[in-house]
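Notes to accompany the following structure.
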Amino acid sequence: AQGEVGGIEVRGPNVFSGYWRMPEKTREEFTADGWFKTGDVGRIDTDGYVTVVGRSKDLIISGGFNVYPAEVESVLNELPGVAESAVIGVPHPDFGEGVIATVVPRPGAELDADELCTMLKAKIAGFKVPKRLFVVGELPRNAMGKVQKNLLRERHRALFAA
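Letter by letter, the sequence shown follows residues 24 to 185 in our numbering.
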């Protein structure tokens, strides 16, 4: 429905018909009527345009609420002094997953984690605000330059352990 967040599926002559010699994978990634599940999550606006809000595999469920890291990252990246950020979920004893953020400052900027969280609270819902925020020199990346969120999850996996 319009305005709601949901999985993005595509179909058409421009979409591949399946994985080469991998029928099981093809069955997993396509619906019975031929729609390809992209793994992206989006919202349809009032004009009918789709806005991608994140990846379904990155979805964080914290206290029963859905948190899309890309949404939190886009707000974080607009804050003064922030060059880039990565938002992930890690196990939390009370919430299922706790939202945490890793932020890289712009050259010469000095960032305070508490101040950043205070600024975020004025811009996004409270359940989306990271429970912990780390300021680092750089984010881990693979050879293609993509942020390796799996390494961040591993690094902070026990952050909220009892």
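Idealized CB from N, CA, C, for every residue including glycine.
Being a predicted model, the structure only gives us computed values, none of them experimental.
Query                                                                                                                             : Result
Which listed residue (142, 130, 117) has its alpha carbon closest to that of residue 182                                          : 117
Closest Cα partner of residue 35 within the set 57, 44, 24                                                                        : 57
Cα-Cα separation between residue 40 and residue 30, rounded to whole angstroms                                                    : 19 Å
Three-state class that DSSP yields for residue 102 in the structure shown                                                         : coil
Selected residue, minimal CA-CA separation from residue 162, among 107, 67, 83, 96                                                : 107
Alpha carbon of residue 154 to alpha carbon of residue 44, nearest angstrom                                                       : 44 Å
Helix, strand or coil at residue 69 according to DSSP, with G and I counted as helix                                              : coil
Proximity to residue 95 [Cα-Cα], best of 70, 150, 135, 134                                                                        : 150
Start and end residues, alpha helix (DSSP H) containing residue 129                                                               : Premise fails: residue 129 is in no alpha helix (DSSP H) and is neither H nor E.
C-alpha distance - residue 180 paired with residue 114, whole-angstrom precision                                                  : 6 Å
Beta-carbon contacts of residue 100 that lie in its chain and below 7 Å, excluding the five residues immediately before and after : 107, 108
Three-state secondary structure (DSSP) of residue 173                                                                             : helix
Beta-carbon proximity check, residue 82 vs residue 75, cutoff 9 Å                                                                 : no
Length of the line joining the Cα atoms of residue 158 and residue 55                                                             : 45 Å
Span of the beta strand (DSSP E), counted from its first residue to its last, around residue 32                                   : 28-33
Span separating the alpha-carbon of residue 169 from that of residue 24                                                           : 32 Å
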